[in-house]
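Residue 642 in the UniProt record's numbering sits at position 642 of the sequence shown, with consecutive numbering throughout. Glycine is no exception: its CB is placed at the ideal position from the N, C-alpha and C atoms. Bear in mind the structure is a predicted one, so any value in this text is a computation, not a measurement. Structure record follows, encoded as structure tokens.
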Amino acid sequence: MGVFSLASALPAAAAPVDTGHLEAELVPQQSAVPGGTIYVALRQKIDKGWHTYWRNPGDSGEATKIQWTLPPGWTAGDFVWPLPHRQPIGPLMNYGYSNEVLLPTPIHVPATAKVGETATLKADVVFLVCADICVPEEATLTLALPVAEQPTPDPKWGDRIASVLADAPKPAGLAATFAASGEAVKLAVTGDPLKGADVGDAYFFPFDGTVIDHAKAQPIERGPDGLTLTLPAGFAFTQGPAPTELAGVLSLGDRAWEISAKAGPPAAGASGLGAPPKTVSAAGEKGGLGLPFALLFAFLGGLILNLMPCVFPVLSMKAAALAGHAHDARNARAQGLAYLVGVLATFLALAGLLIALKAGGAAVGWGFQLQSPIAVAALALVMLLVALNLSGVFEVGTSIQGAGGGLASQRGLAGSFLTGVLAVVVAAPCTAPFMASAMGYALTQNAAVSLLIFGALGLGLAAPFVALSFAPGLLRLMPRPGPWMDTLRHVLAFPMYGAVAWLVWVLSQQTGPVGMAYALAAGVLAAFAVWLWGHAQRRPPAPITRGLAAAVFVGAIVLVGLLAAEKPATAASAGGKAGETAEVPYEPWSPERVAALRAEGRPVFVNFTAAWCVTCQVNERTSLGRKIIADALKRNNAVYLKADWTNRDPAIAAALAEHGRAGVPLYLVYGADGSDPVILPQLLTDGMVAEALDRAAARKPGA
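Shown next as structure tokens:
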């Protein structure tokens with residue numbers, strides 16, 4: 001009888017649910033007792049290489065959410081969160097769990113619960129499970145929990161849940177204050193647990209994801225009674241009124257306590273003994289991704305850039321040039337090296353300028369040069385001249401009548417160098433996979449490390465062409481030079497004309513119809529100028545003709561200069577009011593609008609884009625203009641905000657930096673529950689966005 005009574009008092013758990021990348025189940029600490037409180041834990045057994053998130057996921061991610069369905073009179077509290085692990089990913093720092101984690105929840109049993117009955121507990125759980133990609137997953141879990149006179153510990157989970165509860169961060173009487181100054185927040189903590197403790201591994205995990213810059217280091221200063229952490233100020237401190245409270249978890253290795261700091265002067269015992277012998281930075285110097293992975297991501301991003309539509313026209317021009325040297329291995333190698341030097345020199349020059357501008361306080365990011373209408377118009381003219389040269393209107397780099405081979409060779413190398421320069425300039429609007437995190441990491445490091453990462457990006461961009469120029473076997477497969485080369489050259493001019501059309505469209509978004517008219521007129525004058533020049537090349541020397549060509553070309557330059565007086569285009573001048581012809585309505589982005597919509601409890605989709613960002617435009621044409629997204633916005637009462645970075649905007653630059661990005665695109669989905677946004681991949685599908693909006697609406701406040 002005693003054995004039967006004991007068996008009947010033990011919970012009967014349902015089978016675990018496999019959600020795809022983790023196994024989830026509800027497990028109890030003990031049986032229920034009328035009028036008492038028990039703990040039921042959500043167990044996550046996470047696949048190797050994947051992770052879920054803490055209550056504050058850090059720079060990206062989303063915390064696990066649970067919605068209970070309990071018998072009448074039963075109530076559930078909040079998760080008891082174990083101490084998370086830091087998860088550095090490129091320039092980001094996230095907080096979460098891997099392998100296995102138990103998240104206990106207190107369940108209050110009403111006094112009216114009858115002994116001998118079995119209560120069924122049900123929970124709908126939503127996880128965000130991430131590795132290289134993030135996958136939202138969900139499960140409906142049940143637990144049959146008997147009601148007994150005396151609590152009977154679960155033989156499998158009772159001790160483990162008790163251990164999690166004992167080790168979970170909790171208040172311990174620590175006194176804490178903070179003081180904000182500029183870009184830093186001094187957090188001073190004192191109390192008995194810290195006296196004489198080894199504080200070399202001290203780290204503060206805030207409950208609010210906006211108060212600190214998670215990815216930056218937290219320098220430590222020891223004191224006789226505690227410590228002081230210098231926290232990098234986050235958005236909450238740098239934008240708007242500073243918080244009045246700083247709450248979170250202070251950890252020392254595997255020990256941790258909840259603290260709540262008020263603004264005020266630090267206690268005398270919180271500092272004065274200098275830094276500990278060894279500190280661990282937030283950048284993940286212990287086992288983090290760090291510089292090696294940033295270099296790898298940059299190189300891979302550069303490789304993928306070669307497939308982007310903004311770079312391909314330039315490579316087509318270079319392919320035509322290489323075809324002429326296919327059976328001259330020495331010359332082909334020289335062409336490849338000259339192209340490599342042009343790519344690296346330009347990447348490092350642009351990166352150095354970007355770093356200098358940011359150091360001077362300018363809110364700029366990668367692609368900043370195309371935020372200038374003059375730069376866009378000038379680049380369009382350069383591309384037009386290249387296209388006209390390929391079409392045979394005029395000649396550069398070689399003599400039509402067979403000038404000396406040495407001179408032609410030198411000009412050919414100069415042409416390869418300039419092709420590398422041009423490839424980098426037009427690559428700026430493109431952001432390839434891997435590239436965003438590498439650039440974001442680069443711009444958080446010192447200048448030397450930043451330049452090293454940008455150099456790796458340049459090596460990736462140049463690698464395919466350089467490898468081809470050094471591959472005699474592949475080069476010998478190409479037919480020998482002949483009349484076919486003229487045809488190929490003329491055909492390859494058309495991708496360049498396409499690039500000109502795209503740049504003029506970008507200019508129309510920046511300056512409106514008047515600026516575009518200047519650019520088109522400049523293009524006509526430039527084309528006429530080089531036609532005159534080509535006419536002079538084909539005839540006996542004609543100084544008057546060449547002088548006229550130079551004068552006309554100066555006129556084209558003057559028209560480009562007039563763009564400096566043009567004001568940035570408004571929504572109307574850039575092609576109509578937002579949503580007028582688009583199937584999916586949107587509003588202009590601003591931090592204030594985001595805050596207002598989140599206060600209303602509405603899901604928000606934010607698209608950080610630019611007219612010169614080819615990846616952005618591809619997504620907008622193929623994914624973001626579809627009816628499925630318009631329907632998802634409508635049924636979820638969601639709002640689509642567009643942050644247009646075509647022209648320089650410090651607020652957008654700050655928002656990108658807040659999420660560890662140096663450029664666009666960036667796609668954020670804010671849930672209805674007020675949690676941190678989910679970051680979508682750079683390459684979108686309409687179904688992906690619609691599903692993210694549905695999930696965002698399902699995350700209700702208090703869920």
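Length at least 4, wholly inside the UniProt domain "Thioredoxin" (563 to 698): the alpha helix (DSSP H) runs in chain order
Fully contained in the UniProt domain "Thioredoxin" (563 to 698) are the following alpha helix (DSSP H) runs of length 4 or more, in chain order: 591 to 599, 614 to 622, 627 to 635, 650 to 658, 686 to 698.
Grab the span of the alpha helix (DSSP H) containing Ser163 for me, first residue to last.
In the DSSP annotation of this structure, the continuous segment of the alpha helix (DSSP H) that includes Ser163 starts and ends at 158 to 167.
With burial defined as no fewer than 16 other Cβ atoms inside 10 Å of the residue's Cβ, what is the status of Asn56: buried or exposed?
By the 10 Å Cβ count, Asn56 comes out buried.
Collapsed DSSP secondary structure at Ala15 in the structure displayed
Coil, per DSSP.
Cβ neighbour criterion (16 or more within 10 Å) applied to Gly272
By the neighbour-count rule (16 or more Cβ atoms within 10 Å), Gly272 is not buried but exposed.
If you draw a straight line from the C-alpha of Ala362 to the C-alpha of Trp81, how long is it?
Its pLDDT being 45, under 50, Ala362 is placed unreliably in this model, and the value from its coordinates should be taken loosely. Cα to Cα, the separation comes out at about 40 Å.
Let me know if Gly404 comes out buried or exposed under the rule of 16 or more other beta-carbons within 10 Å of its beta-carbon.
Per-residue confidence for Gly404 stands at a pLDDT of 30, beneath the threshold of 50, marking its modelled position as unreliable; the derived number appears in the next sentence. Exposed: under 16 other Cβ atoms inside 10 Å.
Using C-beta distances below 8 Å, list every residue in its chain close to Pro266, excluding the 5 sequence neighbours before and after it, in chain order.
Excluding sequence neighbours, Pro266 sits near Thr177, Ala179, Lys186, Ala188, Thr228.
Cβ contact check for the stretch 145 to 162 and the stretch 53 to 68: 3 or more pairs under 8 Å:
Short answer: they don't touch.
Spatial neighbours of Asp225 within its chain, please: CB distance less than 6 Å, with the 5 preceding and 5 following residues excluded, ordered by chain position.
The residues Thr190, Lys195, Gly269, in chain order, have a CB closer than 6 Å to that of Asp225 in the same chain once the five nearest residues on each side in sequence are set aside.
Taking Tyr339 as the reference, which of Pro677, Ala123, Asp213, Val424 has the closest Cα?
Measuring from the Cα of Tyr339, the nearest candidate turns out to be Val424.
When you compare only the Cα positions, how much space is there between Val594 and Leu507?
Val594 and Leu507 have their C-alpha atoms spaced approximately 28 Å apart.
Does the contact criterion of 3 or more C-beta pairs under 8 Å hold for the stretch 589 to 608 versus the stretch 663 to 673?
Flag = yes, the stretch 589 to 608 and the stretch 663 to 673 touch.
One question on the structure: do His214 and Ala131 come within less than 9 Å of each other, judged by their Cβ atoms?
No. Outside cutoff.
Beta-carbon gap between Trp589 and Leu656 smaller than 9 Å:
No, they are not a contact pair.
Taking DSSP's pairing of strands, which residues face Trp81 in a bridge?
In the DSSP output, where bridge partners are listed per residue, Trp81 has none listed.
State the start and end residues of the unbroken beta strand (DSSP E) segment that holds Ser469.
Premise fails: Ser469 lies in the alpha helix (DSSP H), 447 to 469, not in any beta strand (DSSP E).
If Trp645 sits next to Thr622, beta carbons under 8 Å apart, how far is it from one beta carbon to the other, in whole angstroms?
Not really, about 20 Å apart at Cβ, beyond 8 Å.
Taking its Cβ as the centre, do 16 or more other Cβ atoms sit within 10 Å of Arg222, making it buried, or is it exposed?
Counting the other CB atoms within 10 Å of its CB gives Arg222 a total of 16 or more, which places it among the buried residues.
Hey, out of Thr142, Phe79, Gly234, whose CA is closest to residue 705's CA?
Beyond the ends of the chain as shown, which are 1 and 703, falls residue 705; an answer cannot be given.
When burial is assigned at 16 or more other CB atoms within 10 Å of the CB, is Ala519 buried or exposed?
So Ala519 ends up on the buried side.
Sequence-distant residues of the same chain with beta carbon closer than 6 Å to Ser416, five excluded per side:
Short of 6 Å from the beta carbon of Ser416, and not among the five residues preceding or following it, lie these beta carbons of its own chain, in chain order: Gln335, Ala338, Tyr339.
Please report how far the alpha carbon of Trp502 lies from the alpha carbon of Ala414, in whole angstroms.
Here the alpha carbon of Trp502 sits roughly 26 Å from the alpha carbon of Ala414.
Supposed close pair Leu418, Gly342 - CB separation, criterion 8 Å:
With a beta-carbon spacing of about 6 Å, Leu418 and Gly342 fall inside the 8 Å limit used to define contacts.
In chain order, what residues of the same chain have a beta carbon less than 7 Å from the beta carbon of residue 714, not counting five sequence neighbours either side?
No answer is possible for residue 714: it lies beyond the span of the chain, which begins at 1 and ends at 703.
Please look up how many angstroms separate the CB atoms of Val27 and Ile107, rounded, as I've assumed it's under 8 Å.
With a contact defined as Cβ atoms closer than 8 Å, Val27 and Ile107 miss out at about 12 Å.
Please classify Ser163 as buried or exposed, where buried requires at least 16 other C-beta atoms within 10 Å of its C-beta.
Burial check for Ser163: the Cβ neighbour count within 10 Å stays below 16, so the residue is exposed.
Would you give the residue range spanned by the beta strand (DSSP E) that Phe204 belongs to?
Counting along the chain, the beta strand (DSSP E) containing Phe204 begins and ends at 202 to 206.
Alpha carbon to alpha carbon, what distance is there between Thr19 and Asn99?
Distance between the alpha carbons of Asn99 and Thr19: 15 Å.
Residues in its own chain within less than 6 Å of Leu683 by CB, not counting five upstream and five downstream?
A distance below 6 Å between beta-carbons, with the five flanking residues on each side excluded, links Leu683 to no residue of its chain.
Three-way DSSP call (helix, strand, coil) for Ser98 in this model:
DSSP places Ser98 in coil when its eight states are reduced to three.
Within its chain, find whatever has a CB closer than 7 Å to the CB of Leu388; leave out the 5 residues flanking it on each side and keep chain order.
Residues Phe394, Ala527, Val530 of the same chain have their beta carbon placed closer than 7 Å to that of Leu388, with the five preceding and five following residues left out of the count.
Using the Cβ count rule (16 or more neighbours within 10 Å means buried), how would you classify Leu353?
Residue environment for Leu353: exposed (fewer than 16 other C-beta atoms within 10 angstroms of its C-beta).
Outcome for Gly301 when other beta-carbon atoms lying within 10 angstroms are tallied against a minimum of 16
That one is buried.
How long is the line joining the alpha carbons of Gly306 and Val689, rounded to whole angstroms?
One detail in the question is off: residue 306 reads as Asn in this sequence, not Gly. Looking at the two C-alpha atoms, the distance is approximately 27 Å.
Below 7 Å CB to CB, which residues in the same chain sit around Glu258 once its five sequence neighbours on both sides are set aside?
Answer for Glu258: Pro169, Lys170, Pro171, Val249, listed in chain order.
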